[in-house]
Amino acid sequence: MLSPTYLGHTPLSIAIKAMTSNQAPFFNDFVVHKRTYLASVIVSFGAMSLGYDTGVASGVVVLPSFLYSVTGTTTLSPAAKADLSSNVVSILFLGAFVAAIVALPVTLRFGPRIALALAGIVFTTGAIVQIVTEHSLAAVYVGRVLSGFGIGMISNAANSYIAEISPAHIRGKTGTMFQMFLVIGSIISFFTVYGVSKNLPGVPSSIQWRLAFGLQMPGSLLMLSGLAFIPESPRWLAYRGNVEKATSVISWLRQLPETDLQVTHEIAEIIASINEEREASQGLTIKEIFCKGYRDRFMFSTSVVVFFMFTGQNSILYYGPIIFASIGYGTNAGLLASGLFGVIKVACTPLFAIFFADRFGRKTLLQVGNILKAGVLFTFAGLTSSKIDPHSARGNAAAAMLYLYMVFYSFSYGPLIWIMISEPFDNKTRQWGVMYAVALTWILNYAISKITPIGINNIGYKFWIVIGILNLLAFAGTWVLPETQGKTLEEMDIIFSKTTPVVREANIEKALGHKVNETANSYSKHEDSLAVVPTATCVEHDVLIIGGGLVGLTLAQGLRKRGIKATVFERDIDRDGRTQGYAITFHWALECLEQMYPKDIFDRLDDTSVDPNLSFDEGHFLVIDGRNCVPILDIPPSKRRIRANRSKFRKLILERLDVVYEKRFRSYEIIPDGVIARFEDGSSFKGSFLVGCDGNNSLVRRQLVGEEKAALKPCGITMGGVVQYFTPEQAKPYRDIDPLLFQTIHPETRNYIWYSVQDVSDDGKTIAVLTMVSHPILDPTDELSKNATSKQVIADIKKRAEGFAEPMFSLLNNIDENLPATRIHLADWIPVPYNSQGRVALAGDAAGPMTMFRGEAVNHGSLDAMLLCDVLTKHTRGKIDITEGIEKYEAEIRARRMVATPLSRQAAIDAHLPGGFPPDSPLVTQRAAPDIASTVIEA
0 MLSPTYLGHT
10 PLSIAIKAMT
20 SNQAPFFNDF
30 VVHKRTYLAS
40 VIVSFGAMSL
50 GYDTGVASGV
60 VVLPSFLYSV
70 TGTTTLSPAA
80 KADLSSNVVS
90 ILFLGAFVAA
100 IVALPVTLRF
110 GPRIALALAG
120 IVFTTGAIVQ
130 IVTEHSLAAV
140 YVGRVLSGFG
150 IGMISNAANS
160 YIAEISPAHI
170 RGKTGTMFQM
180 FLVIGSIISF
190 FTVYGVSKNL
200 PGVPSSIQWR
210 LAFGLQMPGS
220 LLMLSGLAFI
230 PESPRWLAYR
240 GNVEKATSVI
250 SWLRQLPETD
260 LQVTHEIAEI
270 IASINEEREA
280 SQGLTIKEIF
290 CKGYRDRFMF
300 STSVVVFFMF
310 TGQNSILYYG
320 PIIFASIGYG
330 TNAGLLASGL
340 FGVIKVACTP
350 LFAIFFADRF
360 GRKTLLQVGN
370 ILKAGVLFTF
380 AGLTSSKIDP
390 HSARGNAAAA
400 MLYLYMVFYS
410 FSYGPLIWIM
420 ISEPFDNKTR
430 QWGVMYAVAL
440 TWILNYAISK
450 ITPIGINNIG
460 YKFWIVIGIL
470 NLLAFAGTWV
480 LPETQGKTLE
490 EMDIIFSKTT
500 PVVREANIEK
510 ALGHKVNETA
520 NSYSKHEDSL
530 AVVPTATCVE
540 HDVLIIGGGL
550 VGLTLAQGLR
560 KRGIKATVFE
570 RDIDRDGRTQ
580 GYAITFHWAL
590 ECLEQMYPKD
600 IFDRLDDTSV
610 DPNLSFDEGH
620 FLVIDGRNCV
630 PILDIPPSKR
640 RIRANRSKFR
650 KLILERLDVV
660 YEKRFRSYEI
670 IPDGVIARFE
680 DGSSFKGSFL
690 VGCDGNNSLV
700 RRQLVGEEKA
710 ALKPCGITMG
720 GVVQYFTPEQ
730 AKPYRDIDPL
740 LFQTIHPETR
750 NYIWYSVQDV
760 SDDGKTIAVL
770 TMVSHPILDP
780 TDELSKNATS
790 KQVIADIKKR
800 AEGFAEPMFS
810 LLNNIDENLP
820 ATRIHLADWI
830 PVPYNSQGRV
840 ALAGDAAGPM
850 TMFRGEAVNH
860 GSLDAMLLCD
870 VLTKHTRGKI
880 DITEGIEKYE
890 AEIRARRMVA
900 TPLSRQAAID
910 AHLPGGFPPD
920 SPLVTQRAAP
930 DIASTVIEA
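Have a look at this one:
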C-alpha cells in the first residue's frame with residue numbers, strides 16, 4: 000500500500016498548475032486558447048516554406064528540364080548527378096546554419112516577431128533569385144543559400160516564439176503546429192514536382208522547375224501578412240524590462256483581464272525567473288554554459304538533435320525518389336510514392352497534436368518511436384539486400400516499410416524535435432540555446448544530405464542497418480533525459496537544478512507583492528485595525544440570504560444566534576422540497592459549526608449520520624484498485640468527523656429560521672440605504688445586505704461579476720450517479736470493504752467509482768447507497784448529451800463496469816435501469832475581484848464551486864458563513880465599516896480558494912490518470928483546516 004502523504008501549505012504555483020492543467024477536450028481547449036493557437040499558426044506559415052523548400056529540391060534535381068537548364072545536358076554520370084543533387088539540397092542547409100547564428104543578435108535586440116519578418120523577406124528574395132536565373136547553376140546556389148538563410152531564421156525564431164506564448168499544458172499542441180505546416184509544405188512540394196513533371200513541357204522548356212521553385216513563396220508571404228496582427232513574445236518583453244506590455248500580451252493571449260489570477264501569476268513567475276538570472280550574473284558567458292543549471296540544458300538539446308538527425312528520417316525524406324528508384328520504381332512513380340510520405344505526415348500530425356502531444360511524456364514518445372523505427376529499418380534492409388525487380392512484391396513490401404517508418408516518425412521525433420529544442424532554456428539562454436540547437440540541426444542536415452546518397456551508392460542496404468542501430472542507441476540515450484512535458488518554461492530552472500522549488504516560490508510571491516498565506520490570514524490579523532464608525536445598526540429586516548442550502552442556513556443560524564434578523568429565500572416549495580443530495584463529510588469545519596449553531600442543534604449533529612448506529616472509528620479513507628479490489632491506500636479516520644445525510648442535516652438546521660419558499664431569485668438592486676432583491680414572481684424584498692448562497696450557477700454571482708467572468712471552467716470529466724437500495728445482505732460485500740465510503744480507480748480504463756452509504760433505515764433493513772462513476776472526456780463520444788435520460792445515464796455506467804473485479808463489477812452492472820440517475824459535468828470557478836459596494840457578498844458554492852474529489856466544499860462553505868457572520872456582527876455593533884469588512888472577507892475567500900479549488904480539480908484529474916494517481920496527489924492527501932479556521936467568533 001501507498002503511505003499517505005500530506006501537503007501542508009500548498010505553494011501557489013502548484014495550485015495554479017492544477018487549475019490550468021485540465022484534461023479538457025481539444026476543441027474546448029482550442030476555444031479557450033484560440034489566440035495562442037492563431038499566433039502559433041501565423042508564425043508556422045514560415046514552416047510551410049521550410050517544408051516545401053527542403054522537399055522540392057530532391058524532386059527538381061532529377062527533372063531533365065532542370066539538368067538541361069543549368070548544365071546544358073541531361074546525360075550526367077551517376078556520380079555527377081549525385082554530386083549535383085547533394086549540392087542543391089545541402090547548400091540550403093549551409094545558409095540555414097549561418098542564419099541560425101545570425102538570428103541570435105537580431106532576436107535578442109528586436110524580438111522574435113521582428114526576426115521572423117526579416118526572415119520572411121530574405122526567404123522570399125532567395126526564392127525570386129532561384130526562379131529568375133538563366134542557365135546559371137551559381138545563381139541557383141545563391142538563391143538556395145538566401146532561402147536557407149530565411150528558413151534558418153524562421154526555425155529559430157518561430158519555435159522560440161511559440162514556446163514563449165504557450166501555457167505549459169498546450170505547448171505540445173501549439174509546438175506541433177510548426178511540424179504540421181512543415182509537412183503541409185512538404186506534401187505540396189512533392190505533388191507540385193510530380194504535377195509539373197507530368198503536365199508541363201520538359202526540355203528545352205524551364206517552366207517545370209521554375210514553377211516548382213516559385214511555389215515556395217506563399218508560406219513566407221502568409222507569415223509576413225499575419226505578423227502584423229499578433230503581439231511580441233511576452234517573455235522577451237519582460238526580459239527587456241517592459242513588464243506592463245508583457246502583462247498586456249499575456250492578458251490578450253489568455254483572453255483574461257490583466258488582474259486575473261492566472262495572468263498575474265504567470266507574469267510573476269516570469270519576473271521571478273528573470274530576477275534570479277540577473278542576480279546570478281549579468282549576461283551569458285561561455286563559462287556559464289558549462290556550469291550547473293546550464294550545462295545540462297545544452298546537453299539535453301544536443302542529445303535530442305543528434306538522436307533526431309541520425310535515426311533516418313531526413314535520409315528518407317530528402318532522397319525519397321532515389322530510394323524508391325532503388326526498389327524498382329521509375330522516375331514519376333518514385334516521385335508519386337515519395338509524395339505519399341507527405342500524406343502520411345499530414346494525416347498523422349493532427350492526430351498527434353490532439354491525442355498524444357500533451358497527454359504522454361516526451362521521453363515515452365521518443366523511445367517508442369525509436370524501437371518501432373529500428374524494427375522497420377532492419378526489415379527494409381533485409382528486403383533490399385539483393386536487387387529488386389520493378390513492380391515486385393518485395394519492392395512493394397520495402398515501400399510499405401518506408402511508409403510505416405514515416406508513421407512512427409510522425410508520432411515521435413517529427414513534431415517533438417521543434418518543441419523540445421525550445422523548452423529547456425530560461426529567458427537568458429533561450430535564444431542562445433535555440434540558436435545552438437537549430438544551427439546544429441542545419442549543419443547535421445547538411446552532413447546527412449551529403450552522406451546519404453554516398454552511403455546508399457557505396458554500402459547499399461547496410462546503410463539502413465547502421466541507421467537502425469543508431470535508433471537503438473538513441474532509445475538507450477533518451478533514458479537519461481529529464482521529462483519536460485507539462486512544465487512551464489520557468490519550471491525548467493527547477494528541473495535542471497538552477498534553483499529550488501522553495502526559492503522559486505519565494506521569488507514568485509515577492510513578484511506578486513504579497514504572500515498567499517498573509518492574504519488568507521489578513522482578515523483575522525487586522526480585523527481590530529478596521530475603522531470604527533458611528534453608523535446605525537442594521538435595520539430590522541436586515542440580511543437577505545438567497546438560497547436555502549447548507550451554507551445559507553448555517554449563515555442564518557449564526558446571525559440568529561447573534562440577534563441579527565436574516566431571511567432565507569428558497570426556490571423549493573417547502574422544507575421537504577430537497578430530498579436528494581449526496582451525503583456530506585464535516586471534518587475541519589466542525590469548529591466553525593460549533594460557533595454558528597445553537598448548542599441544542601450542534602449537540603444533535605450526530606443524529607444526522609448516514610448510519611447513527613455505526614461507531615465513528617469504523618470508517619477509514621480507502622482507495623481500491625478496481626482491477627483486483629485490493630486497497631492501495633488506507634488512511635485511518637480523523638479525530639472528529641461526521642458523515643451526514645444531507646436531508647437530515649438540512650432539516651435539523653432549518654429549525655427556528657425565517658424561510659420564504661417558492662422564491663426564484665431574478666436580480667438585485669443596490670440603493671442608498673440598502674439592497675433590494677427581486678424574484679421571478681414579481682415580488683421584492685428590501686434589506687441592508689444580500690448574500691448569494693445559491694449554488695454553483697449562482698445568479699447573484701453572475702450579476703455581481705458579469706456573465707463572462709462568472710462562467711464555470713469545465714474540468715473535462717463527466718460523472719453519472721444513481722442511488723440504489725440494498726438489503727444488508729446485498730450491501731455486505733461493499734460494507735466489508737468499508738462501512739461508509741470508498742473510492743475505486745481503474746488505472747487502465749481510467750474509470751472511477753465513488754461508493755457511499757447515503758442512509759440506513761431505522762430498522763436497518765434498507766441501505767441507500769450512492770454509486771457515482773466518472774471518466775475523462777477524451778473525445779465527443781465520451782460525453783452524453785445534456786438531455787440524456789436516466790436510462791441512457793445508467794447504460795453508460797454499466798458500460799464502464801468492464802474491467803472492474805467483483806464486487807465492483809456487479810455494483811455497476813446490476814443497477815436497475817428504471818432508477819432515476821443524474822449526470823454531472825465537473826466544473827469549478829475561482830473568485831475574481833468585484834465591487835459589492837458593501838452590500839452584496841457570496842458564500843459557499845456561489846463564492847467558488849469546486850469538484851467533490853476532496854470533499855471540502857461544504858467545509859469551506861461553513862468557514863465562509865462563519866467569517867461573513869463575523870463581519871456582519873461587528874458591523875452591527877459599530878466596530879467596523881461594512882465596506883472595508885466585506886473587502887477583507889472577499890480577499891480571504893479568493894486567497895483560500897485559489898489554493899483549494901485547483902487542488903480539488905487536480906484530485907479529479909489524478910483519479911483518472913492512466914497508470915494511477917501519484918502518491919502526493921491531492922486526491923489522497925490530508926484535508927487540513929486553513930489557519931483562519933481557528934478564528935473564534937465573538938458571542
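Those letters in the sequence shown? Residues 0 to 938, by numbering that gives the first Met the number 0.
From the three backbone atoms N, C-alpha and C, an ideal C-beta is built for every residue, glycine too.
Item	Value
Using 8 Å for Cβ pairs, my map puts L115 next to A156. What's the rounded Cβ distance?	5 Å
On the three-pair Cβ rule with 8 Å, is the region 159-171 touching the region 117-127?	no
Starting from T73, follow the alpha helix (DSSP H) in both directions and report where the run begins and ends.	Counting along the chain, T73 falls outside any alpha helix (DSSP H), and DSSP gives it neither H nor E.
Is it true that the CB of L862 sits closer than 8 Å to the CB of A676?	no
Under the rule that 16 or more other beta-carbon atoms within 10 Å means buried, what is Q312, buried or exposed?	buried
For N198, count neighbouring Cβ atoms within 10 angstroms of its own Cβ and tell me buried if that reaches 16, exposed if not.	exposed
Would you decide whether G914 is buried or exposed? Buried here means 16 or more other CB atoms lie within 10 Å of its CB.	exposed
Taking the CB atoms as reference points, tell me whether I793 and L769 lie closer together than 8 Å.	no
Would you call the CB atoms of T310 and N369 closer than 8 Å?	yes
With a threshold of 7 Å on Cβ separation, who are the neighbours of L922 within its own chain once the five nearest residues in sequence on each side are excluded?	F852, A906, D909, A910 and F916
Taking only three categories from DSSP, how would you classify M849?	coil
Is the Cβ-Cβ distance between R296 and F424 less than 8 Å?	yes
Whole angstroms are fine: how far does the CA of V87 sit from the CA of K449?	10 Å
Helix, strand or coil: how does DSSP classify L401 here?	helix
Between which two residues does the alpha helix (DSSP H) harbouring Y724 extend?	Unbroken run through Y724 is the beta strand (DSSP E), K712 to F725; no alpha helix (DSSP H).
What does DSSP give as the partner residues of G691 in its beta bridges?	I545 and L841
My output table needs one value for F741: the three-state DSSP class, helix, strand or coil.	strand
Helix, strand or coil: how does DSSP classify H32 here?	coil
Just list the alpha helix (DSSP H) runs in the region 102-133, keeping only unbroken ones of 4 residues or longer that don't cross its boundaries, in chain order.	111-131
Using the Cα positions of M400 and K344, report the straight-line distance between them to the nearest angstrom.	15 Å
My output table needs one value for F351: the three-state DSSP class, helix, strand or coil.	helix
Could you please give the first and the last residue of the uninterrupted alpha helix (DSSP H) stretch that includes E707?	E706 to A709
What number of angstroms, rounded off, separates the C-alpha of K708 from the C-alpha of T850?	19 Å
If you drop the 5 nearest sequence neighbours on each side, which residues of the same chain put their C-beta closer than 7 Å to that of I881?	G837 and H874
Can you tell me which of D737, I447 and G715 puts its alpha carbon nearest to the alpha carbon of R749?	G715
Taking all protein chains shown into account, do 16 or more other C-beta atoms lie within 10 angstroms of the C-beta of E275, making it buried, or fewer, making it exposed?	buried
Run the CB neighbour count on R663, radius 10 Å, all protein chains shown included, and call it buried at 16 or more, exposed below.	exposed
Who are the Cβ neighbours of A98 in its own chain at under 6 Å, not counting the five residues just before and after it?	F148, G151 and M152
Between T821 and the rest of its own chain, which residues show a CB-CB distance below 6 Å, the 5 nearest in sequence each way excluded?	G720
On the DSSP letters alone, give me the boundaries of the alpha helix (DSSP H) that E668 sits inside.	Premise fails: E668 lies in the beta strand (DSSP E), F664 to I670, not in any alpha helix (DSSP H).
Helix, strand or coil, according to DSSP, for H390 in the structure here?	coil
Would you call P918 buried or exposed, if buried means 16 or more other Cβ atoms sit within 10 Å of its Cβ?	exposed
Quick check: what's the CA-CA separation for F354 versus A126?	36 Å
For I823, which residues from the same chain have a beta carbon less than 6 Å from its beta carbon, with the 5 sequence-adjacent residues on both sides left out?	M718
For S325 versus I455, is the C-beta spacing smaller than 8 Å?	yes
Considering only the beta carbon of each residue, do Y67 and P230 sit closer than 8 Å?	no
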